[in-house]
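Chemist: So the sequence lines, in the order shown, correspond to chains D and A.
Taking this note's numbering, the leading residue of the first sequence gets 154, the next gets one more, and so forth.
Taking this note's numbering, the leading residue of the second sequence gets 196, the next gets one more, and so forth.
Where is the CB? At the ideal position from N, CA and C, for every residue including glycine.
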Amino acid sequence: MKQFNFGDFFRKYMAWIILAFIIIVFSFTPNFFSAGNIINILAQNAYAVICSLGVAFLMMSGDIDLSVGYIMSLCAVTAGILNVQLQLPAVVTVILVLALGVLLSMLNNFLSRLLKLNRFMTTVATMSIYQGASYIVSKSVSIRGFSESFKAIGQARIGSIPLPIIIMFVLLIICSILLSKTYFGQYVYALGGNAEAANLAGINVSKMRYIISALAGALIALSAIILTARLGSAHSTTGPGTEFTAITGILLGGVSVRGGEGKMTSVFAGVLIISILTNGMQLAGLDTYYQFVAKGIIMLVAIGIDVFNLNRRQVVRKADK
Amino acid sequence: MGVILKLDHITKLYPGVRALNDVSFSIEEGEVHAIMGENGAGKSTMIKSIGGAISPTSGTITIGDKTFSSLTPATSAENGIGVIYQEFNLVPSLSVAENVCLGNKLGHKFFKSKSQMNEETTKILKSLGLDIDPETMVSALSTGQQQMVEIAKSMIKNVKVLIMDEPTASLSKGETENLLEMVETLKQKGITILYISHRLEEVFRISDRITILRDGTYIGTRYTKDTTRKDLIKMMVGRDIGDEYPKRDTKPSDEVVLEVRNLCGQGDENVSFQLHRGEVLGVAGLVGAGRSEMAKMIFGYLKKDSGEIYIHGKKTDVKSTKEAIQNGIGLVPEDRKREGIFLEYPIEWNIPIMSIHKLCNGIFLDNKRIKDTVDHYIDSLSIATPNPQQLVRNLSGGNQQKVAVAKTLGTNADILIMDEPTRGIDVGAKQEIYNLINSLVAQGKSILMISSEMEEIMGMSDRIMVFYEGEVTGFVDAKDFDQNRIMSLASGIQEA
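(1) Contact criterion: CB-CB distance below 8 Å. Does T335/D meet it with respect to chain A?
(2) Taking only beta-carbon atoms, is R533/A less than 8 Å away from chain D?
(3) Whole angstroms are fine: how far does the CA of I551/A sit from the CA of K565/A?
(4) How many Å lie between M430/A and R400/A at the Cα?
(5) Contact between the segment 367-378 of chain A and the segment 599-609 of chain A: three or more CB pairs below 8 Å?
(6) Quick one: what does DSSP say S214/D is sitting in, helix, strand or coil?
(7) Under three-state DSSP, which class holds D609/A?
(8) For the segment 412-428 of chain D, enumerate the residues whose C-beta is nearer than 9 Å to any C-beta of chain A, in chain order.
(9) Step through the CB atoms of chain A and report whether any lies within less than 8 Å of the CB of L353/D.
(10) Beta-carbon separation of I426/D and I175/D under 8 Å?
(11) Nearest chain A C-beta to G285/D closer than 8 Å, yes or no?
(12) With distances taken Cα to Cα, identify the nearest neighbour of S244/A among E450/A, I506/A, E315/A and T255/A.
(13) Report the option in K442/A, Q585/A and K318/A whose CA atom is closest to the CA atom of M350/A.
(14) The alpha helix (DSSP H) that contains D574/A, what's its start and end?
(15) Roughly how many whole angstroms lie between the Cα atoms of P528/A and S288/A?
(16) Take T401/D and list the residues in its own chain whose beta-carbon comes closer than 8 Å to its own, dropping the five residues that flank it on each side.
(17) Measuring straight from C-alpha to C-alpha, what distance separates A199/D and I170/D?
(18) Measure the C-alpha to C-alpha separation of C555/A and G233/D and round it to an integer number of angstroms.
(19) Could you pull out every unbroken beta strand (DSSP E) segment of at least 3 residues lying fully inside the segment 411-435 of chain A, listed in chain order?
(20) For T406/A, write down the residues that DSSP places opposite it in a beta bridge.
(21) Using three-state DSSP, classify A455/D as helix, strand or coil.
(22) Is the separation between the beta-carbon of K506/A and that of M231/A shorter than 8 Å?
(23) L526/A versus chain D: which residues are under 8 Å apart at the beta carbon?
(24) Helix, strand or coil for I358/A, going by three-state DSSP, please let me know.
(25) Report the rounded CA-to-CA distance for D512/A versus G523/A, giving the unit in angstroms.
(26) Give the residues of chain A in contact with A357/D, contact being defined as C-beta atoms less than 7 Å apart.
(27) M549/A versus chain D: which residues are under 8 Å apart at the beta carbon?
(28) Which term fits L229/A, buried or exposed, when burial requires 16 or more other beta carbons within 10 angstroms of its beta carbon?
(29) How is K155/D classed by DSSP in three states: helix, strand or coil?
(30) Using three-state DSSP, classify P242/D as helix, strand or coil.
(31) Would you please verify whether the beta carbon of Q339/D is less than 8 Å from any beta carbon of chain A?
(32) Give me the subset of the segment 536-548 of chain A whose CB atoms are less than 8 Å from a CB atom of chain D, sorted by chain position.
(33) Answer with yes or no whether the minimum CB distance from A350/D to chain A is below 8 Å.
(34) Flag this pair as touching only if the segment 351-361 of chain A and the segment 270-280 of chain A have three or more C-beta atom pairs under 8 Å; answer yes or no.
(35) So what does DSSP say about S591/A, is it helix, strand or coil?
(36) What is the rounded straight-line gap between the Cα of D444/A and the Cα of M417/D?
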């Protein structure tokens with residue numbers, strides 16, 4: 154017999170409970186609850202959700218990547234070079250940029266394995282490399298003049314729903330199924346839970362890390378493409394900061410920094426929390442710099458919740474002895 | 196002589212668990228007093244209460260003539276209690292002397308005096324008959340030597356009662372011998388010792404009295420010379436378990452299922468042997484003799500340099516763990532928590548993970564077949580759990596081990612390598628594992644059992660292969676089992 158346990162319930166649906174709470178609070182501000190604003194928030198943040206799906210795969214498998222923002226930056230300006238300067242068609246641009254994202258993310262993994270470092274440290278270094286590369290490629294100027302078909306990725310609507318929202322939900326469903334209904338998903342959790350045991354259980358851990366890196370890289374690149382297409386311009390500052398939103402959102406979504414836990418739908422809720430708070434702060438006319446402070450505090454809260462959950466479990470563990 | 200330490204009606208409650216239940220007993224000055232009990236009996240909780248790491252919910256602890264309802268680590272130490280936990284409290288990057296003197300200001304209040312520290316430490320090490328340079332970095336010492344440093348550390352604080360929690364759990368045979376001698380030395384110096392262990396052999400050798408705990412409750416105290424192994428096991432388990440090593444009716448066949456020829460790895464190993472259908476081939480040797488490395492090479496986890504492996508007579512080059520599993524080899528690894536199971540995940544997640552790709556429809560998981568598999572193994576291995584959703588870390592060591600075994604059995608391996616299958620699990624659970632081994636062998640599976648426990652390996656094997664420094668020094672048949680012969684092969688003294 155399983156008893157209802159409030160702690161477990163809260164842990165499982167924490168992101169949705171916080172999200173509901175925030176929506177209730179912001180519903181007192183004028184304009185927040187209009188259909189237009191809701192769609193606007195989703196369309197604005199679809200790219201962040203897509204990026205977070207990729208980063209979530211990494212974090213669930215026990216890795217963390219800080220270079221995500223600059224992978225996006227490099228992807229964005231590369232899209233500009235390809236589509237604007239080289240006049241390549243949108244389809245070709247998208248394929249090449251996706252390939253670049255996959256490559257950069259796999260490079261992070263390759264270097265981590267080569268240096269036998271965790272991905273966290275490796276990406277502190279590659280972050281700087283990708284940042285430099287992005288500014289060199291873009292010559293630090295904003296690239297404009299994307300083709301209409303490229304911009305459509307971020308700006309078209311199907312009915313009254315912007316395309317990015319549709320792409321976001323389709324990917325959310327796919328990633329969710331991939332994680333919970335396939336053995337690939339089981340393996341992701343296995344790596345995050347205990348990589349050593351996973352290896353001895355016959356899972357090719359090294360191959361899995363490359364596959365997860367590739368998947369994350371593709372999602373990160375797609376996120377950059379949608380963001381660039383929506384803005385209609387690419388600059389080296391396009392992207393950086395997304396890693397912050399993603400990691401905070403993922404933590405709020407109940408994924409542990411130690412890996413091995415979490416659900417994609419909760420990650421979605423977690424990212425929405427950040428998005429709505431940002432939107433709410435803008436509507437309330439809060440200065441950008443205060444917003445930075447507020448976001449930092451939210452991240453600390455997210456980490457605090459993660460640590461709290463860990464401690465709670467350790468108390469239970471002690472009690473077992 | 197008199198009572199130096201007394202526990203009076205000690206109870207410790209954790210949420211949902213009664214870790215200690217009204218425990219009372221006393222320790223005489225100058226004795227070696229062993230505490231025994233299965234996992235979860237409350238031994239660790241009791242030590243932590245005495246050492247001040249936790250406060251009992253009720254009851255009192257009397258040290259000498261002072262009575263406390265709870266202690267802090269500082270008051271406990273002031274009153275002459277020293278505790279050596281299983282995880283050492285040493286700073287690896289500091290020298291032996293710095294560790295021994297840590298927290299004890301010698302000489303000047305602000306500046307430390309290196310010479311004084313070395314001098315003091317040398318004095319203590321000498322009095323214990325130890326030959327360790329006080330300036331050596333602790334990280335450069337072996338586990339056994341580190342433990343000696345822990346003992347030296349408690350000497351500088353003038354301990355009267357030294358509590359040792361499973362001190363030999365991670366020691367090699369030789370180091371264990373040194374430790375047991377050290378206990379004798381300490382006793383000569385008038386130090387009272389509380390020795391926590393579940394190794395019967397050691398306890399019988401060194402203790403004066405033995406106290407048994409079970410499920411947090413005090414069961415009784417016996418004079419070591421007036422009791423027998425069987426009595427103690429009965430007190431610990433709560434029932435008569437019959438033979439420690441259950442008999443097998445089946446005999447191995449002549450069919451060779453696994454043959455290894457001149458297997459070499461990074462070290463200078465060189466291993467050749469044959470494993471027959473229905474056989475338990477014991478692998479004896481000292482810790483670090485290369486047995487686990489050999490197991491991991493056969494299982495494709497470690498790369499072999501040279502040598503050939505024949506599975507069912509066919510030469511097979513196993514390059515990964517996945518290929519090993521495909522070829523019907525299963526490994527239950529040595530370090531359960533680190534290599535064998537996923538502690539933070541439920542039982543129902545752990546059991547099918549090695550065979551999950553077979554429990555799928557296309558790319559999607561087949562939840563019904565997964566559930567059936569899980570239920571089958573919980574049932575057939577009698578894994579004690581309220582439900583399959585229970586996290587594995589909440590299980591006892593024995594049940595964790597059963598989950599690790601179930602996980603491997605799910606691959607339908609017919610050649611099983613079990614590396615220290617009963618390490619750290621209690622007597623009752625050990626016997627269940629032995630019964631399981633017997634029933635697997637009866638089904639025609641073959642088992643390579645690596646074990647450091649001499650009695651276990653002699654009690655369970657059809658044949659024993661002995662390792663010394665990466666090489667097989669001999670094979671011994673069941674009818675010729677003899678502890679001295681195996682030990683001398685394992686220490687390289689005797690050639691087969």
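Modeler: This is what the structure gives:
(1) Counting from one through the first sequence, the residue named residue 335/D turns up at place 182. By this cut-off, T335/D is an interface position.
(2) On the second sequence, residue 533/A is found 338 positions in, with the first residue counted as 1. Interface criterion met: the Cβ of R533/A is under 8 Å from a Cβ in chain D.
(3) Reading the second sequence from its first residue, position 370 is the one you call residue 565/A. Reading the second sequence from its first residue, position 356 is the one you call residue 551/A. At residue 565/A the sequence reads Ile, which differs from the Lys that was named. Straight across, the Cα-Cα distance linking I565/A with I551/A is about 8 Å.
(4) Sequence index remark: in the second sequence, residue 430/A carries index 235 (1-based). Sequence index remark: in the second sequence, residue 400/A carries index 205 (1-based). Counting only the Cα atoms, R400/A lies some 19 Å from M430/A.
(5) Contact between the segment 367-378 of chain A and the segment 599-609 of chain A is absent: fewer than 3 CB-CB pairs across the two stretches fall below 8 Å.
(6) Position 61 of the first sequence holds residue 214/D. In the structure shown, S214/D falls within a coil segment according to DSSP collapsed to helix, strand and coil.
(7) Taking the first residue of the second sequence as position 1, residue 609/A is located at position 414. D609/A falls in the coil class under three-state DSSP.
(8) Correct list: G413 and E414.
(9) On the first sequence, residue 353/D is found 200 positions in, with the first residue counted as 1. Taking Cβ atoms only, chain A reaches closer than 8 Å to L353/D, which makes this a yes.
(10) The residue labelled residue 426/D in the question sits at position 273 within the first sequence. The residue labelled residue 175/D in the question sits at position 22 within the first sequence. Going by C-beta atoms, I426/D is nearer than 8 Å to I175/D.
(11) Indexing the first sequence from 1 puts residue 285/D at position 132. No - not a single Cβ of chain A is within 8 Å of the one on G285/D.
(12) Numbered from 1 along the second sequence, position 49 holds the residue referred to as residue 244/A. Per the Cα distances, T255/A.
(13) Within the second sequence, numbered from 1, the residue matching residue 350/A stands at position 155. The shortest Cα separation from M350/A among K442/A, Q585/A and K318/A belongs to K318/A.
(14) Counted from its first residue, the second sequence places residue 574/A at position 379. Start and end: N562 to S575.
(15) To locate residue 528/A, count along the second sequence from 1; it is residue 333. To locate residue 288/A, count along the second sequence from 1; it is residue 93. The alpha-carbon atoms of P528/A and S288/A are separated by roughly 30 Å.
(16) One-based indexing of the first sequence puts residue 401/D at position 248. Correct list, in chain order: G423, I427, K448, I451, M452 and A455.
(17) Residue numbering aside, residue 199/D sits at position 46 when the first sequence is read from its first letter. Residue numbering aside, residue 170/D sits at position 17 when the first sequence is read from its first letter. Cα to Cα, the separation comes out at about 21 Å.
(18) By one-based count along the second sequence, residue 555/A stands at place 360. By one-based count along the first sequence, residue 233/D stands at place 80. Note on geometry: alpha-carbon atoms of C555/A and G233/D lie some 43 Å from one another.
(19) Uninterrupted beta strand (DSSP E) stretches at least 3 residues long and entirely within the segment 411-435 of chain A occur at 412-418, given in chain order.
(20) Looking up residue 406/A in the second sequence gives position 211. Its beta-bridge partners are I230/A and T416/A.
(21) Here residue 455/D refers to the residue found at position 302 when the first sequence is read from its first residue. Residue state, collapsed to three classes: helix.
(22) Here residue 506/A refers to the residue found at position 311 when the second sequence is read from its first residue. Here residue 231/A refers to the residue found at position 36 when the second sequence is read from its first residue. Reading off the sequence shown, one finds Ile at residue 506/A, where the question assumed Lys. No, the Cβ-Cβ distance between I506/A and M231/A is not below 8 Å.
(23) As a working note, residue 526/A is residue 331 in the second sequence. Residues of chain D whose Cβ lies closer than 8 Å to the Cβ of L526/A are, in chain order, L353.
(24) What you label residue 358/A is simply residue 163 of the second sequence in a count that begins at 1. In the three-state scheme derived from DSSP, where H, G and I count as helix and E and B as strand, I358/A is classed as strand.
(25) Within the second sequence, numbered from 1, the residue matching residue 512/A stands at position 317. Within the second sequence, numbered from 1, the residue matching residue 523/A stands at position 328. G523/A has its alpha-carbon roughly 13 Å from the corresponding atom of D512/A.
(26) Counted from its first residue, the first sequence places residue 357/D at position 204. Note that residue 357/D is Asn in the sequence shown here, rather than Ala. What N357/D touches in chain A: S515 and K517.
(27) In the second sequence, residue 549/A corresponds to position 354, counting from 1. The contacting residues are A354 and G355.
(28) For this step, residue 229/A is matched to residue 34 along the second sequence. Correcting the residue type first, residue 229/A is Ala in the shown sequence and not Leu. Looking at its Cβ environment, which holds 16 or more other Cβ atoms inside 10 Å, A229/A is buried.
(29) Residue mapping note: residue 155/D aligns to position 2 of the first sequence, counting from 1. Because K155/D carries a pLDDT of 46, less than 50, the predicted location of this residue cannot be relied on, and the following value inherits that uncertainty. Per DSSP, reduced to three states, the secondary structure at K155/D is coil, with no helix or strand assignment.
(30) Start at 1 with the first residue of the first sequence, and residue 242/D comes out as number 89. Residue state, collapsed to three classes: coil.
(31) By one-based count along the first sequence, residue 339/D stands at place 186. For Q339/D, the answer is yes, since a Cβ of chain A falls inside 8 Å of its Cβ.
(32) If the cut-off is 8 Å between Cβ atoms, the segment 536-548 of chain A has I536, F537, L538, E539, Y540, W544 and I548 near chain D.
(33) Numbered from 1 along the first sequence, position 197 holds the residue referred to as residue 350/D. Between A350/D and chain A, the shortest Cβ-Cβ separation is below 8 Å.
(34) By the Cβ rule, the segment 351-361 of chain A counts as touching the segment 270-280 of chain A, because three or more pairs are nearer than 8 Å.
(35) Taking the second sequence and counting its residues from 1, one reaches residue 591/A at position 396. Coil.
(36) Taking the second sequence and counting its residues from 1, one reaches residue 444/A at position 249. Taking the first sequence and counting its residues from 1, one reaches residue 417/D at position 264. Near 53 Å, if we compare the C-alpha coordinates of M417/D and D444/A.
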